[in-house]
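To start, the structure under review is shown below, and the notes come after it.
Number of protein chains: 2
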Amino acid sequence: MDRFVSNVVLRLDAKGRVSIPAQFRSVLNRDGFDGLYCYPALDRPAIDAGGNALMAEIEHLTTRYAPFSDEREQLAIALYGTSETLKIDGEGRVMLSETLKSHAGITDRVAFVGLGHKFQIWEPDRFRAELAEATDKVRALKQRLGSQTARDAPGARE
Amino acid sequence: MDRFVSNVVLRLDAKGRVSIPAQFRSVLNRDGFDGLYCYPALDRPAIDAGGNALMAEIEHLTTRYAPFSDEREQLAIALYGTSETLKIDGEGRVMLSETLKSHAGITDRVAFVGLGHKFQIWEPDRFRAELAEATDKVRALKQRLGSQTARDAPGARE
DNA sequence: TGGGTATTTATGGGCGTCAATGGAACGAGT
DNA sequence: ACTCGTTCCATTGACGCCCATAAATACCCA
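Heads up: the protein sequence lines correspond to chains E and D, in order.
Just so it is clear: in the first sequence, position 11 is 614 by the numbering used here, and no numbers are missing.
Just so it is clear: in the second sequence, position 155 is 758 by the numbering used here, and no numbers are missing.
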């Protein structure tokens, strides 16, 4: 398996360390990246995290613009400037920075949420709320899809 | 890791010295450059800094124009002419010149900001403002990218 | 299939090392 | 000798690395 899936909630210890779920660790190993690349999610109280795949995505975003261009510098500031590469200790744990924790409202427990090529780290209660909301939206979407004819369905080809 | 990421704010001591974050130092070492190449950012109150990779980028930028062309001469003046190579002392500290400090409005604290292949040095308060602005722009950019598929995925985010 | 054993995880804690910072010693030039 | 700058040493707090334990899981073999 090379994708991050499912979700787990784990506790931070007295030193602020938290284990990365073993399943996620094995994906990271396969990805070949020593450490955990992460940054505050742009529009949610969560932390985006991953390995080379995620970093490549960021790189791709910024290098689309010319060096020294305004767009490129601002992208770099917002993306690289807020990113961190956390060290993973011998037991597979990381220490979240204050910045990351406060962005996500994390205190003593976190939820790891697989999102395919990356995963997110949430404060568990907030994640439950977000999940409920997302579930509602998906349900509504499904209803609407169901009421349409195949010809009108999004993604249908002529 | 061979990129500058994350941001840290550090203090200048009584002599005007400031430590380069250890993480950035290790990138510079890998890059194989003894010292810190830097110059005032062209259109921001910040200092651009880096090693060989940054110098190569500038070289590449100027050599795209014909020798003796106005563009090339002006680029050379603006970039090379204002550049400095700061010495790094045994403890990994540098002394910013008055020119650099005044360009960035630096007094006693600075923010080191990773931008991938280079990093910038800011006055912390100004950086916070710039980051907020950059984040807004990126968020807007993301919205635009996301809206391309909005028709196919109502209510979908990210 | 079941029972028992061996791994692996998640977590806790101790300790040495290093980073950031402050200050002293030293050297050169005026 | 005094000033300015550079190199060297000292402090302290954080962090990396190591080992320990308990629970859960995987494994094995009758």
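Beta carbons are placed, not taken as given, at the ideal position from N, Cα and C, and that holds for glycine.
Keep in mind it's a predicted model, so treat the numbers as computed, not measured.
Inclusion of D634 (chain D) and G654 (chain D) in the CB contact set at 7 Å is warranted, their separation being smaller than that value. Shown here, P624 (chain E) sits in coil according to DSSP, grouped into three states, outside any helix or strand.
In the DSSP assignment, P727 (chain E) falls within the unbroken alpha helix (DSSP H) covering P727 to S750. Contiguous alpha helix (DSSP H) elements confined to the region 659 to 729 of chain D occur at 673 to 682 and 701 to 707, taking only those with 4 or more residues. Only residues of its own chain outside the window of five on either side were considered, and among them none has a CB closer than 6 Å to the CB of D692 (chain D).
Of the other Cβ atoms in all chains shown, fewer than 16 fall within 10 Å of the Cβ of P670 (chain D); this residue is therefore exposed. When DSSP states are grouped into helix, strand and coil, L615 (chain D) belongs to the coil group.
Neighbours of G719 (chain D) in chain E, taken as residues at a C-beta separation under 8 Å, are given in chain order as E662, T665, A679 and Y683. Only those residues of the region 724 to 737 of chain D whose C-beta falls short of 8 Å from the nearest C-beta of chain E are listed: E733, L734, E736 and A737.
By the C-beta criterion, the region 638 to 649 of chain D is judged to be in contact with the region 683 to 698 of chain D, since at least 3 inter-stretch pairs fall below 8 Å.
Within chain E, the residues Y683 have their CB atoms less than 8 Å from the CB of F607 (chain D), given in chain order. Under the DSSP assignment, A652 (chain D) falls in the beta strand (DSSP E) whose first and last residues are I650 to G653.
Around L631 (chain D), the same chain offers G654 as residues with beta carbons nearer than 6 Å, after the five sequence neighbours per side are excluded. Taking a Cβ-Cβ cut-off of 8 Å, the neighbours of G638 (chain E) in chain D comprise M604, given in sequence order.
For P670 (chain E), the closest Cβ of chain D is nearer than 7 Å. At least one C-beta of chain E is nearer than 7 Å to the C-beta of R742 (chain D). Proximity of V621 (chain D) to chain E, defined by a Cβ-Cβ separation below 7 Å, is not satisfied. In the structure shown, L645 (chain D) adopts coil according to DSSP, grouped into three states. Below the 8 Å Cβ cutoff, chain E contributes no neighbours of L631 (chain D), its closest Cβ being approximately 16 Å away.
Looking from the CA of F627 (chain D), the closest CA among D:E660, D:I650, D:L645 and D:D605 belongs to D:D605. According to DSSP, L639 (chain E) shares a beta bridge with E:L689.
Its Cα nearest to that of R731 (chain E), the residue E:A649 stands out among E:D616, E:A649 and E:G719. Residues of the region 705 to 716 of chain E with a C-beta atom less than 9 Å from some C-beta of chain D do not occur. For a Cβ distance threshold of 8 Å, residue set G684 and T685 of chain E lies close to N610 (chain D), ordered along the chain. From the listed residues D:L718, D:I709 and D:Q746, the smallest Cα separation to D616 (chain D) is found for D:I709. Cβ-Cβ distances below 8 Å link R712 (chain E) to V612, L613, R614, L615, E726 and P727 in the same chain, with the five nearest sequence neighbours on each side left out; the list follows chain order.
Out of E:I661, E:R667, E:Y683 and E:V621, the CA that lies nearest to the CA of S609 (chain D) is found in E:Y683.
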